[in-house]
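There are 2 protein chains.
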Amino acid sequence: MDELGERKIKILDAIIRTYLETGEPVGSRTISKYTDLNLSSATIRNEMSNLEELGYIVQPHTSAGRIPSDKGYRFYVDHLLQNKDKEISDMKDFVIEHTERMENVLKQVARMLAQSTNYATMITSPKYSANKVKFIQLSQLDDNQLLAVIVMEANVVKNKMIPLEKPLDNETLLRLNVLLNSTLNGMSIPEINLATISKMKEQAGSYSDIVGVVLDAVAETISQEELEIYTSGATNIFKYPELSDSQKASELIYTLEEKQQLATLVSDSLSDESNTGIQVYIGNESPIQTMKDCSVVTATYELGEGVKGTVGIIGPKRMDYEKVMDSLKELTNQLDGIFKKPS
Amino acid sequence: MDELGERKIKILDAIIRTYLETGEPVGSRTISKYTDLNLSSATIRNEMSNLEELGYIVQPHTSAGRIPSDKGYRFYVDHLLQNKDKEISDMKDFVIEHTERMENVLKQVARMLAQSTNYATMITSPKYSANKVKFIQLSQLDDNQLLAVIVMEANVVKNKMIPLEKPLDNETLLRLNVLLNSTLNGMSIPEINLATISKMKEQAGSYSDIVGVVLDAVAETISQEELEIYTSGATNIFKYPELSDSQKASELIYTLEEKQQLATLVSDSLSDESNTGIQVYIGNESPIQTMKDCSVVTATYELGEGVKGTVGIIGPKRMDYEKVMDSLKELTNQLDGIFKKPS
DNA sequence: TATTAGCACTCCAATCAAATGAGTGCTAAC
DNA sequence: GTTAGCACTCATTTGATTGGAGTGCTAATA
Chain A
1 MDELGERKIK ILDAIIRTYL ETGEPVGSRT ISKYTDLNLS SATIRNEMSN
51 LEELGYIVQP HTSAGRIPSD KGYRFYVDHL LQNKDKEISD MKDFVIEHTE
101 RMENVLKQVA RMLAQSTNYA TMITSPKYSA NKVKFIQLSQ LDDNQLLAVI
151 VMEANVVKNK MIPLEKPLDN ETLLRLNVLL NSTLNGMSIP EINLATISKM
201 KEQAGSYSDI VGVVLDAVAE TISQEELEIY TSGATNIFKY PELSDSQKAS
251 ELIYTLEEKQ QLATLVSDSL SDESNTGIQV YIGNESPIQT MKDCSVVTAT
301 YELGEGVKGT VGIIGPKRMD YEKVMDSLKE LTNQLDGIFK KPS
Chain B
344 MDELGERKIK ILDAIIRTYL ETGEPVGSRT ISKYTDLNLS SATIRNEMSN
394 LEELGYIVQP HTSAGRIPSD KGYRFYVDHL LQNKDKEISD MKDFVIEHTE
444 RMENVLKQVA RMLAQSTNYA TMITSPKYSA NKVKFIQLSQ LDDNQLLAVI
494 VMEANVVKNK MIPLEKPLDN ETLLRLNVLL NSTLNGMSIP EINLATISKM
544 KEQAGSYSDI VGVVLDAVAE TISQEELEIY TSGATNIFKY PELSDSQKAS
594 ELIYTLEEKQ QLATLVSDSL SDESNTGIQV YIGNESPIQT MKDCSVVTAT
644 YELGEGVKGT VGIIGPKRMD YEKVMDSLKE LTNQLDGIFK KPS
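If you're matching them up, the sequences are chains A and B in order.
The first sequence begins at 1 in the numbering used here and counts up one residue at a time.
The second sequence begins at 344 in the numbering used here and counts up one residue at a time.
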């Protein structure tokens, strides 16, 4: 709200709102008519000229209307978009079916969000770094394979097949199971480091050779954290002419399909924590090059105890920030704790 | 090779081959020059006129060259594309990294295939209907949860969380495990029907109430066959102008993203088995409406014992059928048996 | 009788000019 | 400080023109 002056702000606000609706450059006459400022188009023109000099708006070409610059959008998001904390009553409720496989829940969430917003969406699996081991079991599958089943605190189950030279006898298997459970139980992933492992190898005593193989496999499985990213609604971008020419559409959809690049967004959004938990990247603010003509809004959802994931919406710069941010708030609220009670 | 006559066939062949390369309607003059027929353009014109009457080629508009009709492509694929069984030496080898998670292998295959062909690709997880149960284990996870781990013949592991009212004592658990393994071991999915289950409930005797819950959960888990479909290279369609206008591209990419519709292709391709295992759908021959401007080539891969999956390539009608079919053959060969030796 | 040369005709695609109109910037008056 | 008025700019649309590729048909040819 700095040195802009109230009138300029009102005009900027009007310009941006109008542009968000129409997607067309907006001219002085429109503003003069559709605001309660009672100023002639000429005056508006002067102010617009100023606003342009200050970098808030931009002319696509001489003698066209103005459109917001990245700086303009930024100002709008930071200052003009008052979060009026409106009642969520009229918000479409996110009916999340209670499937047990988290994967399916996430896919579903992405799809619903895409449908209700008409933008492209992404959601990551939660990062379980703070998650603890709850239960481990080794079973002899056949003569040369061992199956390790590991259950983490939030009922995340991991499986690992371990090849063996020769079968283990029952007693060894039992001991191993006891050893694994008693040592690793309640530990979180960062705590399971080399020191822990070598200590266990010591305790294993005479078996230490075979035990080593097993331990390494188990440790690897536990600590390997696959960050899955699910996207949906990629084709929604065709609804916005400014994104739907072959070139841009292709690049955008490619990044959504390939997903790796999206990971940068995630780490960004998880670390830099504003108080609301919602982050807005406008145009070049996004770390992803192909999204320079887009805006990305991300939010963090939390299932308690540092178990966090990211959900994001990708749309044109003139996206409906208000609706999008509300949707994300609502969604993260609902998502929070949905996995707490299993099934 | 019916009543077409050798010369007509040669001309048709030339037209299609030229069109496959250029993507432009091909005129009589081009054919007259680039074939060894030594016929003037006028003669070619007459023949083309005939071919058009017979429905093999089509004029986009008067006074343009001809392009193949669906019927023309069909003839080409059925009769002109002699599978010369060329040495696969010059084929780029599919280097499939040996990750243990099948999911990742499939994703990788789809991606590589898309990259090497420049078309969109899909691949399904194998259908395990004939697969047998190898190992089952129930574990008491905590006071009100049981974990069932089921391993199938091809080392496919399934997990299921079973909610309990009150914990089971050790003996019951042991008995259950024995019962499950002794009864279900070696059974394939279709064999596990209601009769089997109720018989087991009988055998369970006094526990039958609690056993029922567990059995149902296990049976459900085993029989629930999730047909996963992975796609890749959707944005490759932008490389073909005839597919890359907003409308078509959007619809196509949407079907690739949503995937459900692709399932119809799969069942089709698994059932109707030609001797080569390769199926070609040209334009409207495809069961999927949005692909009427595309051709789809599918192949079946088999991991032995009726464990089958489908892999497919989606491209413009003027795709390089020869290369595509070769690639698929090569791929299915490599894929066959890759999961036989675990890890 | 089959093939070919020649020519009129069609139609797409590219090019260009003029007309349109939304919007600006500037100046002079209020 | 605000406004009316006017000249100017420039993307977009429209229509007319042209060029070229290709066909279909007819008449000549082998």
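For each residue, glycine too, the CB sits at the ideal point set by N, CA and C.
Because the structure is a prediction, the values reported are computed rather than measured.
- Message: What are the residues in the segment 492–519 of chain B lying within 7 Å of chain A by C-beta distance?
- Response: So the close ones are Val492, Val494, Asn498, Val500, Asn502, Met504 and Pro506.
- Task: Would you mind listing the alpha helix (DSSP H) stretches within the segment 562–626 of chain B that are 4+ residues and don't spill past its ends, in chain order?
- Result: 589–601 and 605–614
- Message: Let's see if you can read the secondary structure: which residues bound the beta strand (DSSP E) around Gly315(A)?
- Response: Gly315(A): member of the beta strand (DSSP E) spanning Lys308 to Pro316, first to last residue.
- Rounded C-alpha distance that separates Ala217(A) from Lys477(B): Rounded to the nearest angstrom, the two C-alpha atoms are 22 Å apart.
- Query: Quick one: is Leu141(A) buried, meaning 16 or more other Cβ sit within 10 Å of its Cβ, or exposed?
  - Reply: By the Cβ neighbour-count rule, Leu141(A) is buried, with 16 or more other Cβ atoms within 10 Å of its own.
- Item | Extent of the continuous alpha helix (DSSP H) to which Ile359(B) belongs | Its alpha helix (DSSP H) spans residues Glu349 to Thr365.
- Task: Return the chain-ordered list of same chain residues with a C-beta closer than 7 Å to the C-beta of Thr221(A), the five sequence neighbours on each side being excluded.
- Result: Ala148, Ile150, Lys158 and Lys160
- Which stretch, first to last residue, makes up the beta strand (DSSP E) that contains Lys127(A)? Element bounds for Lys127(A): n/a, residue is neither H nor E.
- Message: What are the residues in the segment 128–140 of chain A lying within 8 Å of chain B by C-beta distance?
- Response: Lys134, Phe135, Gln137 and Ser139
- Inter-residue Cα distance where the pair is Ser327(A) and Leu335(A): 12 Å
- In this structure, what does DSSP give as the bridge partners for Gln632(B)? Answer is none; Gln632(B) lacks a bridge partner.
- Mind listing the chain B neighbours of Thr30(A)? Cutoff is C-beta to C-beta under 7 Å, in chain order. Here the premise fails: no neighbours, minimum Cβ distance about 28 Å.
- Task: Check whether the Cβ of Ala577(B) lies closer than 8 Å to any Cβ atom in chain A.
- Result: yes
- Message: So for Asp679(B), helix, strand or coil by DSSP?
- Response: The answer is coil: DSSP assigns Asp679(B) none of H, G, I, E or B.
- Task: Please name the residue or residues paired with Pro506(B) in a DSSP beta bridge.
- Result: Gln488(B)
- Taking only beta-carbon atoms, is Ile352(B) less than 8 Å away from chain A? no
- Any contact of the segment 621–631 of chain B with the segment 591–607 of chain B, i.e. 3+ C-beta pairs under 8 Å? yes
- With distances taken from CA atoms, which of Arg101(A), Ser223(A) and Ala110(A) is nearest Thr298(A)? Ala110(A)
- Message: Can you confirm whether the segment 301–310 of chain A touches the segment 359–366 of chain B when touching is taken to mean that 3 or more C-beta pairs between the two stretches lie within less than 8 Å?
- Response: no
- Query: In whole angstroms, what is the alpha-carbon distance linking Thr515(B) and Glu302(A)?
  - Reply: 38 Å
- Query: For Glu257(A), which residues in chain B fall below 7 Å Cβ to Cβ?
  - Reply: Ala577 and Thr578
- Item | Cα-Cα separation, Ile15(A) to Lys33(A) | 12 Å
- Item | Glu390(B) and Arg350(B) closer than 8 Å at C-beta | yes
- Message: For Gly370(B), tell me which candidate among Asp663(B), Ser392(B), Ser575(B) and Asp379(B) has the shortest Cα-Cα distance.
- Response: Nearest C-alpha to Gly370(B): Ser392(B).
- Message: Against chain A, does Tyr597(B) count as a neighbour if the rule is that its beta carbon must be under 8 Å from one of theirs?
- Response: yes
- Message: Give me the DSSP bridge partner(s) of Pro710(B).
- Response: No answer is possible for residue 710(B): the residues shown for chain B start at 344 and end at 686.
- Query: Going along chain A in order, which residues have a C-beta closer than 7 Å to the C-beta of Ser733(B)?
  - Reply: This structure leaves residue 733(B) out entirely; chain B is present only between 344 and 686.
- Task: Count the other CB atoms, across all protein chains shown, that sit within 10 Å of the CB of Lys600(B); report buried if there are 16 or more and exposed otherwise.
- Result: In the sequence under discussion, the amino acid at residue 600(B) is Glu, which differs from the Lys named in the question. Per the 10 Å Cβ criterion, buried.
- So which of Arg372(B), Val420(B), Asn627(B) and Val401(B) has the shortest CA-CA distance to Val667(B)? Val420(B)
- Can you say whether Leu558(B) is buried or exposed, counting buried as having 16 or more other CB atoms within 10 angstroms of its CB? buried
- Message: List, in chain order, every chain A residue whose beta-carbon is nearer than 7 Å to that of Ser459(B).
- Response: Chain A residues near Ser459(B): none, gap ~16 Å exceeds 7 Å.
- When DSSP builds the beta bridges, which residues end up paired with Ala120(A)? Under DSSP, the beta-bridge partners assigned to Ala120(A) are Ile314(A).
- Query: Smallest Cα separation from Met455(B): which of Asn579(B), Gln402(B), Arg388(B) and Ser482(B)?
  - Reply: Asn579(B)
- Inter-residue Cα distance where the pair is Ser432(B) and Arg409(B): Interpretation of Ser432(B) is limited by its pLDDT of 39, a score under 50 that renders its predicted location unreliable; no figure is taken from the coordinates.
- Message: Between Val296(A), Ser188(A), Asp13(A) and Leu81(A), which has its C-alpha nearest Asp36(A)'s C-alpha?
- Response: Asp13(A)
- Task: Note down the Cα distance separating Thr117(A) from Lys239(A), rounded to an integer number of angstroms.
- Result: Going from the Cα of Thr117(A) to the Cα of Lys239(A) covers about 12 Å.
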